[in-house]
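1 is the number of the first residue of the sequence shown in our numbering; add one for each residue after it.
Comments concern the structure below.
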Amino acid sequence: MSLTVGDVNHGFELIETNQVTEINSTAKLFEHKKSGARLLYLENDDDNKVFSISFRTPPADSTGVPHIIEHSVLCGSRKFPMKEPFVELVKGSLNTFLNAMTFPDKTMYPVASRNNKDFRNLMDVYLDAVFHPKMVDTPAILMQEGWHYELESPAAPLTYKGVVYNEMKGVFSSPDAILERKVSQELFPDTAYGEESGGDPDDIPCLTQAEFVAFFRKYYHPANSYIFLYGDLDILDTLKFLDEAYLKDFERTAVNSAVTVQAPFKSGKEASYDYPVSPNEPTKEKTYLSLNYVVGKAIDPEVYLGFMILEHLLLETPAAPLKQALLNAGLGKEVFGSYAKSMLQPVFSVGVSGSEPDRAGVFKRVIHDTLQNLVNEGIDKKLIESSINIFEFHLREANFGSRPKGLVYNMKCMDSWLYDESPLMHLAYEPTLEKIKTAVHSPYFETMIQKYLLANSHQAMIVLKPKPCLSQAKTAELERKLAEYKATLSAEQLKGIMDQTKSLKERQETPDPAEILKLIPLLDLQDIESKAEELPLIEKKEAGVPVLFHPIFTNRIGYVGLYFDVSAVPQELLPYVYLLAEILGKVDTSKYNYTELSKEINIHTGGFCYNLAAFSENGDDQTYHPKFIIKGKALVDKLPQMFELMGLVAGGSLFDKQERVKELILEVKAGWDTALFKRGQQVVASRVLSYFSPAAKFNEIGQFTFYKFMSGLERELDGKLAEIGKNLANTARLIFNRDSLLVSITCEEGDYPKFTDSLAVLYNLLGARNLKPVTYHFDLEALNEGIMTAGKVQYVAKGANFRRLGYSYHGSMKVLESILRYDFLWSRIRVQGGAYGAFAQFDRNGNIVFGSYRDPNLLATLQVYDETAQYLAAFNTGNVSRREMTKYVIGAISGMDTPLTPQMKGERATALYIRKISRADIQVERDQVLATGQEDIRRLAALVDAAMKENYLCVMGSEQKIRESQEQKKVFGRLAEAFE
Numbered sequence: 001m002s003l004t005v006g007d008v009n010h011g012f013e014l015i016e017t018n019q020v021t022e023i024n025s026t027a028k029l030f031e032h033k034k035s036g037a038r039l040l041y042l043e044n045d046d047d048n049k050v051f052s053i054s055f056r057t058p059p060a061d062s063t064g065v066p067h068i069i070e071h072s073v074l075c076g077s078r079k080f081p082m083k084e085p086f087v088e089l090v091k092g093s094l095n096t097f098l099n100a101m102t103f104p105d106k107t108m109y110p111v112a113s114r115n116n117k118d119f120r121n122l123m124d125v126y127l128d129a130v131f132h133p134k135m136v137d138t139p140a141i142l143m144q145e146g147w148h149y150e151l152e153s154p155a156a157p158l159t160y161k162g163v164v165y166n167e168m169k170g171v172f173s174s175p176d177a178i179l180e181r182k183v184s185q186e187l188f189p190d191t192a193y194g195e196e197s198g199g200d201p202d203d204i205p206c207l208t209q210a211e212f213v214a215f216f217r218k219y220y221h222p223a224n225s226y227i228f229l230y231g232d233l234d235i236l237d238t239l240k241f242l243d244e245a246y247l248k249d250f251e252r253t254a255v256n257s258a259v260t261v262q263a264p265f266k267s268g269k270e271a272s273y274d275y276p277v278s279p280n281e282p283t284k285e286k287t288y289l290s291l292n293y294v295v296g297k298a299i300d301p302e303v304y305l306g307f308m309i310l311e312h313l314l315l316e317t318p319a320a321p322l323k324q325a326l327l328n329a330g331l332g333k334e335v336f337g338s339y340a341k342s343m344l345q346p347v348f349s350v351g352v353s354g355s356e357p358d359r360a361g362v363f364k365r366v367i368h369d370t371l372q373n374l375v376n377e378g379i380d381k382k383l384i385e386s387s388i389n390i391f392e393f394h395l396r397e398a399n400f401g402s403r404p405k406g407l408v409y410n411m412k413c414m415d416s417w418l419y420d421e422s423p424l425m426h427l428a429y430e431p432t433l434e435k436i437k438t439a440v441h442s443p444y445f446e447t448m449i450q451k452y453l454l455a456n457s458h459q460a461m462i463v464l465k466p467k468p469c470l471s472q473a474k475t476a477e478l479e480r481k482l483a484e485y486k487a488t489l490s491a492e493q494l495k496g497i498m499d500q501t502k503s504l505k506e507r508q509e510t511p512d513p514a515e516i517l518k519l520i521p522l523l524d525l526q527d528i529e530s531k532a533e534e535l536p537l538i539e540k541k542e543a544g545v546p547v548l549f550h551p552i553f554t555n556r557i558g559y560v561g562l563y564f565d566v567s568a569v570p571q572e573l574l575p576y577v578y579l580l581a582e583i584l585g586k587v588d589t590s591k592y593n594y595t596e597l598s599k600e601i602n603i604h605t606g607g608f609c610y611n612l613a614a615f616s617e618n619g620d621d622q623t624y625h626p627k628f629i630i631k632g633k634a635l636v637d638k639l640p641q642m643f644e645l646m647g648l649v650a651g652g653s654l655f656d657k658q659e660r661v662k663e664l665i666l667e668v669k670a671g672w673d674t675a676l677f678k679r680g681q682q683v684v685a686s687r688v689l690s691y692f693s694p695a696a697k698f699n700e701i702g703q704f705t706f707y708k709f710m711s712g713l714e715r716e717l718d719g720k721l722a723e724i725g726k727n728l729a730n731t732a733r734l735i736f737n738r739d740s741l742l743v744s745i746t747c748e749e750g751d752y753p754k755f756t757d758s759l760a761v762l763y764n765l766l767g768a769r770n771l772k773p774v775t776y777h778f779d780l781e782a783l784n785e786g787i788m789t790a791g792k793v794q795y796v797a798k799g800a801n802f803r804r805l806g807y808s809y810h811g812s813m814k815v816l817e818s819i820l821r822y823d824f825l826w827s828r829i830r831v832q833g834g835a836y837g838a839f840a841q842f843d844r845n846g847n848i849v850f851g852s853y854r855d856p857n858l859l860a861t862l863q864v865y866d867e868t869a870q871y872l873a874a875f876n877t878g879n880v881s882r883r884e885m886t887k888y889v890i891g892a893i894s895g896m897d898t899p900l901t902p903q904m905k906g907e908r909a910t911a912l913y914i915r916k917i918s919r920a921d922i923q924v925e926r927d928q929v930l931a932t933g934q935e936d937i938r939r940l941a942a943l944v945d946a947a948m949k950e951n952y953l954c955v956m957g958s959e960q961k962i963r964e965s966q967e968q969k970k971v972f973g974r975l976a977e978a979f980e
């Protein structure tokens, strides 16, 4: 049925309709007449359907009320009154996306699914959550998700606890998060952007239940909502559901939620702040310098898209002139930048890490002089062409990995729709892009630089300095404050807090009644596809090179992976293999210098990336295949150019320019300084596995071991540059050899000849050396490390290898992962413990790892891991119904059936091939998952018990917490400082 503008169906008037050719969709904009709700439907044939409802939620303070509400509305509602409907959905849905997100000025609730029944179920639960949540009359929800006083006994210390409280403590353990916060605070002192919508841990405990409810009642109304639908769905039936189930109950009202504009400054601001480092951590060259500009508005499409390209051009490639000028001036070790566009007044930022406070003046001057010179002399036209080309490639490719396309388009819509402009402004990018393309022949970007940067006084210079013991001082101050407050309380008031603590724990520990849980709609196992998806793979040989061909529709793009065997590299050089992955494409080659190389790659391709992986064989962690992987993508007509560039990078990279190698090493190390704690979950999991698994040991060389290796290089850099260059060259020579190459190509059947015609170009640029593989002898031992930082939360991991304990892999372990993540560990570690989350992973090679993240606890979390087997042994029909079991199975299948892009399908098929996992193996695993029952889960109790008793563990987190835990229980084999 065709819809006409002006028609009203189920209370919705069709306001306008437009073709959006850029995303192959028809856009239909509706308004619900009674409630005032806005609705955008992007109609197309994508079966991965998306629904979201968003609200404009500008905060007035930094108590984190938008963020805490985002958590809390999903803790029970009118139709679904159980404590955690969100978790119940995750357990038993085929969703391809299910989450909620808080931004500086909006809160979004998106879901996606390919199953029609599931999609409607997800919509129903989310709509009931945002319009009829239990949080308005259940104070325990704010206490759990936001904050509460915790007191176990009259003699115990009074503390704060809460999921968001601990999450934000984790966020603000990272200097880059602190810097981002201070930038917004300085640039937007008079608007919502100056506040922390996620919540500042110092301010979160100021939030009251009354303020919490008032914020919800003010902003969570259909008249302040933005409803988004995407994909192949019955729009009239969906409109009917929205109207009859929810919107008809609301009357249109005026909601004052407008995002106010910060008046520009008459002159730029400067401010200095501190961030915490460990007491023994050196502070030399650990300062961050950042210059930040407010640039126009997000509702100017030329500024919006233009600055995305300009930021890339100035800062994101080895040829970037502003980045190079800052590095050449010796102002820091790493240059970083960003363009924050999902706000009414976007922010362009330039920064350096690894600096000193007294370099701030020179830092500003170099930025100004470099930009002025670009305006006066003009920007290199080839650099402009390369930046525009790679952005256009990514726009047209629309490859968002595992994220549904509709979700990405939804977020892009909100960048204009939220500010009362057309939601299609940034989706219909063609006219804007065509105008920007004139920059190759006109001073387009030079004019932008002059107007929005050089002549812009709405700017702030931020200096962020390291301060040892700051974290300990803040912790001591909080403890003192809470102790003083506790001393003012009467015995009756203390009893009230203890009763409240006890009551909350009882609520958390009490399961929802079965009849309540049944209210969550659930699919049947018959709704599940029993056959595993077959990933196309055809083995071939071209020009003497083994090729894996994946014939898939790719819209004339070729996705190529070059998999080089690493096993000829001696063990002592393995850290250099990981260093190669960081710096390839950023050094000179035999044909192009590194700036020319960057431009050529961006002009002819969609970019290259480099990484390593040790692929363990199916069911065996002793046998593994270490591969250095170069990935690239290009239009099939550009495959010859791409293969030449890949060959130059692999076979022709030069490491003899010592200053360039030094620059890159300092940049890589500084990047790890910033990112190490944020990678805590990955670091501790890989570290634990490295204690007992050779394959994991190889992979861990690229994690904490690599960071320590880079720290050592940095300390002795000037005296070792010649040696480092030789080691890099020797390592590259031992890897990039056509006799050790496996090529993966994903493209359409008809385009395969273009690939074979181009492969010879690569082949001729690589040497042929018959190299003997090295046998690696890793020291495997239970180090059981406590890795100490200035952070305020922990990442806690424990693991083992169950095959060595006499157990075999079974598909029911996938179901167990779902049960533990969203039931036992969720309840004990997140809900009761206050951590942001926890997980368990079981691999075919026998490795098992449990982990928690942003966790206020340490010993208590390890105890939960140890008690898992007890929980599983009691996992029976008395506490788990057949319906619950079905839910867990569906949840496991959902994780296995994540939609894959063509590129991801090729990569997945290649990984399975290298690991010797057959299609039959995949099908057996799926059959086992679908057949999993309570008995299968109970049977795994002994395995988990044996694994936990192996007692391999690793923790990264607060130095104080780690030392206290060591004094209490001697859990660690050694303590290590994270940072050097």
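We put the CB at the ideal spot given by N, CA and C, even for glycine.
Candidates the options, of which the one nearest residue i by Cα
i, options, result
"Y624", "I914, V366, Y578", "I914"
"F564", "E477, S77, C413, L742", "L742"
"K341", "Y193, A112, A695, A156", "Y193"
"S808", "L395, D369, R939, P694", "R939"
"Q682", "V560, C954, Q641", "C954"
"D779", "F692, I829, V793, I724", "F692"
"S52", "E539, F97, N951", "F97"
"A360", "P536, M642, A460", "A460"
"S113", "I787, L407, F704", "L407"
Buried versus exposed, by CB contacts within 10 Å (16 or more), residue i
i, result
"N280", "exposed"
"N770", "exposed"
"S503", "exposed"
"D234", "exposed"
"A514", "exposed"
"R803", "buried"
"Y219", "buried"
"Y246", "buried"
Supposed close pair residue i, residue j - CB separation, criterion 8 Å
i, j, result
"F709", "P575", "4 Å"
"H307", "S457", "What sits at residue 307 in the sequence shown is Phe, not His. About 18 Å separates the two Cβ atoms, so there is no contact after all."
"Y795", "G957", "6 Å"
"N166", "R854", "6 Å"
"T589", "V649", "7 Å"
"K887", "G11", "Incorrect: roughly 34 Å between the Cβ atoms, too far for contact."
Cβ neighbours of residue i in the same chain (closer than 7 Å, five flanking residues each side left out)
i, result
"S416", "A298, I299, S422, P423, M425, H426"
"S387", "I309, H312, L313, N602"
"E982", "Outside the displayed span of the chain (1 to 980) sits residue 982, for which this structure offers no information."
"H67", "T102, V164, S197, G198, G199"
6 Å Cβ shell around residue i - same chain, five flanking residues per side excluded
i, result
"I141", "S72, C75, M135"
"P902", "I552, T554, T746"
Same chain, Cβ closer than 8 Å to residue i, neighbours up to 5 away in sequence not counted
i, result
"L580", "Y610, F628, L728, T731, A732, I735"
"E817", "F839, A840, Q841, F842, A892, G895"
"C206", "D61, T63"
Chain B within 8 Å of residue i, Cβ atoms only
i, result
"N116", "No chain B appears in the structure shown, which is made up of a single protein chain."
Could you name each continuous alpha helix (DSSP H) segment of 4 residues or more that falls completely within the region 396-451, going from the start of the chain to the end?
-> 405-417, 430-436, 444-449
For the region 160-241, which segments carrying the alpha helix (DSSP H) assignment without a break, of at least 4 residues, lie completely within its bounds, in sequence order?
-> 163-171, 175-187, 209-219
Unbroken stretches of the alpha helix (DSSP H), 4 residues or longer, contained in the region 6-68 = none
Can you list, in chain order, the stretches of the alpha helix (DSSP H) that have 4 or more residues and sit fully within the region 911-945?
-> 919-930, 934-939
Every unbroken beta strand (DSSP E) within the region 557-589, with a cutoff of 3 residues, ordered by chain = 557-565
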